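Okay, structure first, notes after.
Residue numbers (this note's numbering): 8 to 288.
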């Protein structure tokens with residue numbers, strides 16, 4: 008995913024460069040000598056897989072396949088107060104739904120949703136997390152005194168077995184960029200079909216995908232028109248590819264140029280695992 012470059016990103020880059028003293032480029036006279044350069048990757052997308060190994064010496068390649076082991080992505084999600092507070096409010100304001108119920112948290116991450124459910128009175132919560140973050144989630148659960156209520160299970164939801172035959176509630180924060188980007192919905196639907204009781208609750212249950220158009224002249228000038236003249240050379244052939252790369256960002260309301268169009272609304276309690284979206288305008 009593309010992203011806008013801001014001062015925070017620049018500062019982080021500088022900090023990384025200062026902290027990684029062992030990974031540097033050294034130039035001597037006219038001869039370029041490269042010493043101790045570690046291969047790195049700036050990819051921050053999840054590939055949806057489990058951890059490659061249990062080594063503590065994780066490389067950027069490991070994060071490519073298992074980005075959810077990295078605390079940064081969890082910090083970003085937890086600091087998204089609109090997202091997190093919405094879950095918290097729904098759970099705390101509907102304690103009657105969770106009182107003495109068995110809950111399954113799919114893709115638990117740090118276990119924050121499991122903790123909300125436990126505090127709301129759930130009889131037991133099974134928190135399933137595929138990445139190494141499951142180990143930290145166990146520590147978080149124990150630290151906060153919920154080890155008798157929350158059981159953290161490490162593995163893919165499609166491959167493990169729960170200690171119980173059925174659960175009363177399934178909760179998950181499966182929504183990604185453009186709603187479906189993280190491709191986690193199928194795992195939630197798999198869990199629903201296998202473990203949710205007939206009159207069970209799945210949260211969230213309704214999800215809607217909207218599309219609108221915006222105008223951002225400054226961004227186009229900085230990211231697209233830039234390729235017309237790069238240090239005096241024409242690299243405009245890259246513009247087509249640059250235009251196809253998605254960008255994740257917030258925009259000012261004044262930049263919205265069209266009406267909002269509903270593409271698809273999904274009821275996760277009923278929709279099929281093999282979800283196909285088709286919409287006409």
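Idealized CB from N, CA, C, for every residue including glycine. Predicted model, so just to flag it, every value in this text is computed and none were measured.
Practice problem: Mind checking which residues open and close the alpha helix (DSSP H) that includes residue 257? | Solution: Position 250 of the chain shown, counted from the first residue, corresponds to residue 257. It is not in any alpha helix (DSSP H) - residue 257 carries neither H nor E in the DSSP assignment.
Quiz item: Can the beta-carbon of residue 179 be found less than 9 Å from the beta-carbon of residue 156?
Solution: On the chain shown, residue 179 is found 172 positions in, with the first residue counted as 1. On the chain shown, residue 156 is found 149 positions in, with the first residue counted as 1. The answer is no: Cβ separation not under 9 Å.
Practice problem: Could you tell me which uninterrupted alpha helix (DSSP H) segments, each at least 4 residues in length, are contained entirely in the region 110-160, listed from first to last along the chain? | Solution: Qualifying alpha helix (DSSP H) stretches, in chain order: 119-126, 140-150.
Self-check item: Burial state of residue 175, where buried means 16 or more other Cβ atoms lie within 10 Å
Solution: Within the chain shown, residue 175 is the residue found at index 168, counting from 1. Residue 175 comes out buried.
Quiz item: Between the C-alpha atoms of residue 213 and residue 223, what's the straight-line distance to the nearest angstrom?
Solution: To locate residue 213, count along the chain shown from 1; it is residue 206. To locate residue 223, count along the chain shown from 1; it is residue 216. The alpha-carbon atoms of residue 213 and residue 223 are separated by roughly 31 Å.
Self-check item: Whole-Å CB distance - residue 101 paired with residue 128, under 8 Å assumed
Solution: Here the question's residue 101 lines up with position 94 in the chain shown. Here the question's residue 128 lines up with position 121 in the chain shown. Distance from residue 101 to residue 128 at the Cβ level is roughly 11 Å; contact not present, criterion being Cβ atoms closer than 8 Å.
Quiz item: Which stretch, first to last residue, makes up the beta strand (DSSP E) that contains residue 194?
Solution: Position 187 of the chain shown, counted from the start, is the residue given in the question as residue 194. First-last for residue 194: 192-202, but that is the alpha helix (DSSP H), not the beta strand (DSSP E).
Quiz item: From residue 85 to residue 240, what distance separates their C-alpha atoms?
Solution: Here the question's residue 85 lines up with position 78 in the chain shown. Here the question's residue 240 lines up with position 233 in the chain shown. C-alpha separation (whole angstroms): 44 Å.
Quiz item: Since residue 184 is in the beta strand (DSSP E), which residue starts that stretch and which ends it?
Solution: Here the question's residue 184 lines up with position 177 in the chain shown. Run containing residue 184: none; DSSP gives neither H nor E here.
Self-check item: Spatially closest choice to residue 167 from 96, 198, 185, 237, by CA coordinates
Solution: Position 160 of the chain shown holds residue 167. Looking only at 96, 198, 185, 237, the smallest Cα-Cα distance to residue 167 is reached by 198.
Self-check item: Neighbour-count burial assignment, residue 112, 16 or more Cβ in a 10 Å radius
Solution: For this step, residue 112 is matched to residue 105 along the chain shown. Only buried fits residue 112, as 16 or more other CB atoms lie within 10 angstroms of its CB.
Practice problem: Please confirm if the region 261-274 is in contact with the region 203-217, defined as three or more CB-CB distances below 8 Å between the two stretches. | Solution: Segments in contact, yes.
Practice problem: Determine the DSSP secondary structure at residue 225, reduced to helix, strand or coil. | Solution: In the chain shown, the residue the question calls residue 225 occupies position 218. The DSSP-derived three-state label of residue 225 is helix.
Quiz item: So residue 273 is in the alpha helix (DSSP H); what residue range does that whole segment cover?
Solution: Position 266 of the chain shown, counting from 1, holds the residue named residue 273. Element bounds for residue 273: not the alpha helix (DSSP H) but the beta strand (DSSP E), 268-274.
Quiz prompt | residue 276 versus residue 225: straight-line alpha-carbon distance, rounded | solution = One-based indexing of the chain shown puts residue 276 at position 269. One-based indexing of the chain shown puts residue 225 at position 218. Using only the alpha carbons, I get a separation of about 43 Å.
Exercise. Check residue 208 in the structure and name its three-state DSSP category.
Key: The residue labelled residue 208 in the question sits at position 201 within the chain shown. Annotated three-state conformation of residue 208 is strand, per DSSP.
Quiz item: Are the beta-carbon atoms of residue 133 and residue 172 separated by less than 9 Å?
Solution: Here residue 133 corresponds to residue number 126 of the chain shown, with the count starting at 1. Here residue 172 corresponds to residue number 165 of the chain shown, with the count starting at 1. By the CB criterion at 9 Å, residue 133 and residue 172 fall outside the cutoff.
Practice problem: Classify residue 161 as buried or exposed, calling it buried when 16 or more other Cβ atoms lie within 10 Å of its own Cβ. | Solution: In the chain shown, residue 161 corresponds to position 154, counting from 1. Buried, by the Cβ-count rule.
Quiz prompt | Beta-carbon proximity of residue 153 to residue 104, cut-off 9 Å | solution = Locating residue 153 in the chain shown gives position 146, where the first residue counts as 1. Locating residue 104 in the chain shown gives position 97, where the first residue counts as 1. The Cβ atoms of residue 153 and residue 104 lie no closer than 9 Å to each other.
Quiz prompt | Where residue 38 sits in the DSSP three-state scheme | solution = Mapped onto the chain shown, residue 38 falls at position 31. Reliability fails at residue 38, whose pLDDT of 38 lies under 50, so the model's placement of it is uncertain and the value that follows must be treated cautiously. Looking at residue 38 - three-state DSSP - the assignment turns out to be strand.
Quiz item: On the premise that residue 208 lies in contact with residue 164, defined as a C-beta separation below 8 Å, what is that separation, rounded to the nearest angstrom?
Solution: By 1-based counting over the chain shown, the position of residue 164 is 157. By 1-based counting over the chain shown, the position of residue 208 is 201. Contact flag wrong, Cβ pair sits at about 18 Å.
Practice problem: Run the CB neighbour count on residue 263, radius 10 Å, all protein chains shown included, and call it buried at 16 or more, exposed below. | Solution: For the purposes of this step, residue 263 is taken as the residue at position 256 of the chain shown. Residue 263 is exposed by the Cβ-count criterion.
Practice problem: Have a look at 148, 177, 235 and flag the residue whose alpha-carbon is nearest the alpha-carbon of residue 210. | Solution: Within the chain shown, the letter at position 203 stands for residue 210. Its Cα nearest to that of residue 210, the residue 177 stands out among 148, 177, 235.
Quiz item: Considering only residues of the same chain and omitting the five flanking positions on each side of residue 91, which have a CB-CB separation below 8 Å?
Solution: Locating residue 91 in the chain shown gives position 84, counting from the first residue. If we look at residue 91 and ignore the five residues flanking it on each side, its Cβ neighbours are 84, 85, 119.
Practice problem: Find out if the Cβ-Cβ distance for the pair residue 125, residue 144 is shorter than 9 Å. | Solution: Counting from one through the chain shown, the residue named residue 125 turns up at place 118. Counting from one through the chain shown, the residue named residue 144 turns up at place 137. The answer is no: Cβ separation not under 9 Å.
Quiz item: Quick one: is residue 109 buried, meaning 16 or more other Cβ sit within 10 Å of its Cβ, or exposed?
Solution: On the chain shown, residue 109 is found 102 positions in, with the first residue counted as 1. Label assigned to residue 109: buried.
Quiz item: Ordered along the chain, which non-local residues of its own chain (more than five positions away) have a Cβ less than 8 Å from that of residue 117?
Solution: Residue mapping note: residue 117 aligns to position 110 of the chain shown, counting from 1. Leaving aside the five residues that flank residue 117 on each side, the residues in its chain whose CB is nearer than 8 Å to its CB run, in chain order, 81, 85, 140, 143, 144, 147.
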